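Data first, discussion second: the structure below is written as structure tokens.
In the numbering used here, the protein residues as written are 1473 to 1820.
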């Protein structure tokens, strides 16, 4: 007799859910409950949690849950010499059995139709090789949260729009999927495994280059993954520096050009204010530029925020614009220099 949660027909597996975990004992119970509540039949997916040398109860928690849950759950331990998210994902991938690999993070929350939404997209686009899903920041109702959520929603919206034009630039490792055969065909993480960040976007760029037209954005609210926003400014900057550290390694011209365009536009607006303070005759032109920029942002972000049910965040556009130039310059400079702390480790 098969044990509870054991998959007995591997040919029915559609998804292997890969989750890298380091000291996530506080977050994993919620995620495991969300996975147990999936409407996709348990026989269609398995979950592999790669333990990245946790010093808390992560391993014991997953081992105990594997005996009780209604889906197939496995704990994968990283070898002593291997550390970091990419190594964790690779170790889990080598043990996975499904043709599609779905990634999320241990501190995320999922809706019950998360995997079903992926399955529905594959039914519509059977030739797909990469799928990027929506991610929503959550947190207390505050100015800080509004500004973070607004910026993050903008990144998700830009990534979705670029995928729609088949000029992919960005995605988020908290919610994405790729075909195992495509991953192997482009060499996986082989050319960037030495970089701590970029397990998501570098792979997107390579799969798009090798298989044009097969990367999609999953524009289904049921597929939204929710993740808690950083709770302090220091934590936010540390996270953004980690993201920015991969920009100088981009091989995709679209990604480099977009980063430069966004930075240049925001710095130019701030520079215009400084110039107008010196030459008052410029104020009319500077004001017009600000109105055009804010209007364009509102036009673009309104449907994105509507998708997430967060249109109320639109009021944060003006304060975000006022703060964005120094914020982007500081993060970009720190990311270019490299070096940050993540999950209790110093990363270069």
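We treat Cβ as the ideally placed atom computed from N, Cα and C, and that holds for glycine.
Model, not experiment: these values are computed from the prediction.
Taken through DSSP and simplified to helix, strand or coil, residue 1698 comes out as strand.
As the crow flies, the alpha-carbon of residue 1643 is around 25 Å from that of residue 1767.
When the beta-carbon positions are compared, residue 1796 and residue 1559 stay at least 9 Å from each other. Per the DSSP secondary-structure output, residue 1577 pairs in a beta bridge with 1492.
According to DSSP, residue 1602 shares a beta bridge with 1650, 1687.
In the displayed model, residue 1512 falls within coil according to three-state DSSP, outside both helix and strand. The alpha-carbon of residue 1739 is positioned some 30 Å away from that of residue 1605. When DSSP states are grouped into helix, strand and coil, residue 1544 belongs to the strand group.
At a Cβ-Cβ threshold of 9 Å, residue 1487 and residue 1649 count as neighbours. In this structure, the CA atom of residue 1688 is about 26 Å from the CA atom of residue 1735. Counting only residues of its own chain and dropping the five nearest sequence neighbours on each side, residue 1660 has no CB closer than 6 Å to any other CB.
Distance from residue 1619 to residue 1788 at the Cβ level is roughly 5 Å; contact confirmed, criterion being Cβ atoms closer than 8 Å.
Restricting attention to 1757, 1517, 1532, 1514, the CA atom closest to the CA of residue 1494 is found in 1532.
Residue pairing from DSSP leaves residue 1679 without any beta-bridge partner. Beta-bridge analysis with DSSP links residue 1521 to 1491, 1547. Shortest Cα-Cα distance from residue 1633 to any of 1491, 1730, 1528 involves 1730.
Ranked by how close their Cα comes to the Cα of residue 1557, the residues 1684, 1746, 1576 have 1576 in first place.
Our two residues, residue 1551 and residue 1672, have alpha carbons roughly 23 Å apart in a direct line. A direct Cα-Cα distance of roughly 17 Å separates residue 1757 from residue 1790. DSSP links residue 1730 through a beta bridge to no other residue. Spatial neighbours of residue 1637 in its own chain (CB-CB distance under 8 Å, excluding positions within 5 residues in sequence) are not present. When DSSP states are grouped into helix, strand and coil, residue 1485 belongs to the coil group. In the three-state reduction of the DSSP assignment, residue 1607 falls in the strand class, which pools E and B. Distance between residue 1695 and residue 1561, taken at the CA atoms: about 21 Å.
Under the criterion of beta carbons closer than 8 Å, residue 1496 and residue 1527 do not qualify as touching, at roughly 11 Å. Per DSSP, reduced to three states, the secondary structure at residue 1787 is helical.
Residue 1572 sits in a strand when the DSSP states are folded into three classes. For the pair of segments examined, the segment 1508-1518 was found to touch the segment 1537-1548: the number of CB pairs separated by less than 8 Å reaches three.
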